[in-house]
Amino acid sequence: MRSPLAGTAAMGTASMGTVMIVCAATAWGTWSLFLRPTGLPATVTAPLLLLGIFVFAVPFFRFDGVEPRWDRRTLALLLAYAALDALNVGTFFAAMGVTSVAVAVLTHSVAPVLVALLAPHIEKRPTPRALPAAGLALVGLCLLLRPWEPAALTGQLGLGAALGLTSAVGYAALVFLVGPLSARIGPARTMGWHALPAALLLAPFAVADVGQVELRDVGWMAVAALVPGVLAGVAFVRGLALVGAARAAVLAFVEPVVACLVGWVCFGERLPPVALLGALLVLCAGSIVSARRRPGSGVPV
11 MRSPLAGTAA MGTASMGTVM IVCAATAWGT WSLFLRPTGL PATVTAPLLL LGIFVFAVPF
71 FRFDGVEPRW DRRTLALLLA YAALDALNVG TFFAAMGVTS VAVAVLTHSV APVLVALLAP
131 HIEKRPTPRA LPAAGLALVG LCLLLRPWEP AALTGQLGLG AALGLTSAVG YAALVFLVGP
191 LSARIGPART MGWHALPAAL LLAPFAVADV GQVELRDVGW MAVAALVPGV LAGVAFVRGL
251 ALVGAARAAV LAFVEPVVAC LVGWVCFGER LPPVALLGAL LVLCAGSIVS ARRRPGSGVP
311 V
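The sequence shown lines up with residues 11 to 311 when you count with this note's numbering.
Following this line, the structure appears as structure tokens:
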């Protein structure tokens, strides 16, 4: 018979993982605080941020607590993660460049639904609440972003949606690589060493506009690379190992909620009542997916 204390310990571990994921997603929601003041195009900020993540991650390597295994499998996982992250970032920023932010973010946010569908087959961890919670969060995000408004129906909608969905596929795939890679080399090394080749893959797109970068821009991006970059990234990787990919993906819906709140508070963006309802639905989805069974109940979540 399993000890109730073991169940209590598991609940505590999962709760810690939930806190880590929510903190990471909250930090990611503040990207605009650091990037908007630069006025730089995403084609420039993306590779520079990834390069900064590599630089700032290096001092944290010693705290990984893992003896890194540098073999062919590790290198394959690392390069695949770098390529998928470059695809994720590149296509997402490209989507925002050809259509509205609402359409780009909404199509990109199909990723948690994909993760919830695939997680039981890849991780072999039952999470029956994850898929309906992801669907609820996606509905909430739709209300939050309001893609039906005239301001959102701009640019090349079809191309923008296709790029956003491509970004979602890239993100969903890389989520399943983070855990195995982190187990082999540690969370900080995972963040740092994948960021360097990802930055190199995106660098050619920055060549035309890199001359716009000023010294003060470097300062803003350095803070962004450290806080929502390295610190949030390491927290996400550690939390992912504790709660699993499906729950982590749904909890990460906190990011666009925080981003909209930041836009409202700091940049005077509009946030009507229907958007607040959407934010509430996203938070409800997070509560559903993070709820744990009582020790000994035998009911998976």
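Here a beta-carbon is modelled for each residue, glycine too, at the ideal position from N, C-alpha and C. As the structure is a computational prediction, the values presented were derived from the model and not from experiment.
Counting the other CB atoms within 10 Å of its CB gives W203 a total of 16 or more, which places it among the buried residues. Beta-bridge pairing by DSSP links T109 to G165. Its chain contains A114, G170, L173, G174 as the residues whose beta carbon lies nearer than 6 Å to that of A105, once the 5 sequence neighbours on both sides are disregarded; these appear in chain order.
Here G221 has no same chain residue with a Cβ atom under 6 Å from its own Cβ, once five neighbours each way along the sequence are excluded.
By the Cβ-count criterion, F64 is buried, with 16 or more other Cβ atoms from all chains shown falling within 10 Å of its own Cβ.
In this structure, DSSP gives F277 a helical state, which the three-state scheme calls helix. A residue is called buried once 16 or more other Cβ atoms fall within 10 Å of its Cβ, and P238 is buried on that count.
Across the set L116, L184, A93, P207, the C-alpha of L184 shows the shortest separation from the C-alpha of V125. DSSP places T200 within a helical segment (H, G or I) once states are collapsed to three. Going by DSSP, V125 is part of the alpha helix (DSSP H) stretching over 121 to 132. Per the Cβ contact rule, the region 271 to 286 is not in contact with the region 212 to 231 (fewer than 3 Cβ pairs under 8 Å).
V244 and V284 have their C-alpha atoms some 34 Å from each other. Taking the Cβ atoms as the reference, V292 lies roughly 5 Å from V267, within the contact range of under 8 Å. CA-CA distance, F44 to M231, rounds to 6 Å.
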